[in-house]
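In our numbering, the protein residues as written are 25 to 278.
In structure tokens:
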């Protein structure tokens, strides 16, 4: 992006972030469901689940909880974009010398900041209830970078939903399948314990690769080839979703 585009994107991002700061319940609400699931699995169901891995069950399931947090959070991006489109603010931006891409990027960057804040809340609660990791600073930075990439990829999917939705409810509902996806992965139980077709799906879907990579980084274990599989999935989703979103946005504005 040019200097002008960066300046305009920054201004629109600050506008979106002010809306989030005026409604901090957005971040809290995003973290409520993941925290509730973490407490339920950790203190109610965790004792009956055998993973075959060393350490506490909360250490095993936290990566999946973090992905559910992101899936919950990106729904707000779709919702906010839909409201901007319906409220006419995007049409007003169109009459101003603002690059079209700045509007979408502002929503994407706002999602990134808000979701990272929600993730920090979830990790803080996890530490309070017993999560521990001896991972190095470099490993934690790698986890943060991977979670940021997940957020960017899913946010662009959310942008498509916001541009395509016909109602406020539809704009937010798209995230439900994303929240469910970690349950059919290695997030809570090993894929080997699942039935044949389900195990195959769980083993080959992107959430498993991402979860296994984060889990290995936090447990100070070799990540193996899973990190490359995870990156391939995430970069692929990011590129395709961004192209589709930008194309749909241009067609919508005419």
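Ideal placement from N, C-alpha and C gives every residue a C-beta, glycine not left out. Bear in mind the structure is a predicted one, so any value in this text is a computation, not a measurement.
Next item on the list: State whether the stretch 249–266 contacts the stretch 173–184, with contact taken as three or more CB pairs (one from each stretch) at a distance under 8 angstroms.
Entry: yes
Next item on the list: Give every residue of the same chain whose Cβ lies closer than 7 angstroms to the Cβ of residue 218, excluding the five residues on either side of it in the sequence, and list them in chain order.
Entry: 226
Next item on the list: Answer with buried or exposed for residue 135, where buried requires no fewer than 16 other C-beta atoms within 10 angstroms of its C-beta.
Entry: buried
Next item on the list: Kindly indicate which residue of 159, 234, 46 and 224 has the alpha-carbon position closest to the one of residue 206.
Entry: Per the C-alpha coordinates, the member of 159, 234, 46 and 224 positioned closest to residue 206 is 234.
Next item on the list: Let me know the secondary structure DSSP gives residue 67 once reduced to three states.
Entry: helix
Notebook entry, point to check: Who are the near neighbours of residue 103 in its chain, counting only those whose CB is closer than 8 angstroms to its CB and skipping five residues on each side?
Noted result: 186, 192, 195 and 196
Next item on the list: In the DSSP assignment, find the unbroken alpha helix (DSSP H) run with residue 195 in it and report its ends.
Entry: Start and end: 192–197.
Check: Grouping DSSP H, G and I as helix and E and B as strand, with all else coil, what is residue 246?
Finding: coil
Note to self: For residue 100, tell me which candidate among 62, 41 and 83 has the shortest Cα-Cα distance.
What the structure shows: Here the closest residue by C-alpha is 41.
Item checked: Cβ contact (3+ pairs, closer than 8 angstroms) linking the stretch 145–154 and the stretch 229–243 -> no
Next item on the list: Tell whether a beta-carbon distance below 8 angstroms holds between residue 198 and residue 82.
Entry: no
Next item on the list: Can you tell me the Cβ-Cβ gap for residue 37 and residue 130, rounded? I've got them flagged as a contact below 8 angstroms.
Entry: The beta-carbon distance between residue 37 and residue 130, rounded to whole angstroms, is 4 angstroms. This is short enough to meet the 8 angstroms contact definition.
Check: How many Å lie between residue 211 and residue 176 at the Cα?
Finding: 20 angstroms
Item checked: Cutoff 6 angstroms; reference residue 25; Cβ partners in own chain excluding five residues on either side -> Residue placement at residue 25 is poorly supported in this model, since its pLDDT is 49, which falls under 50; the coordinates still yield a value, given next. Excluding positions up to five away in sequence, the list is empty.
Next item on the list: Report buried or exposed for residue 65, applying the criterion of at least 16 other Cβ atoms within 10 angstroms of its Cβ.
Entry: Buried is the call here.
Next item on the list: Identify whether residue 79 lies in helix, strand or coil by the three-state DSSP scheme.
Entry: coil
Checklist line | Cβ shell of residue 59 (< 7 angstroms), same chain only, five flanking positions each side left out | finding: 146 and 149
Check: If you draw a straight line from the C-alpha of residue 247 to the C-alpha of residue 126, how long is it?
Finding: Across the structure, residue 247 and residue 126 are spaced so that their CA atoms are roughly 36 angstroms apart.
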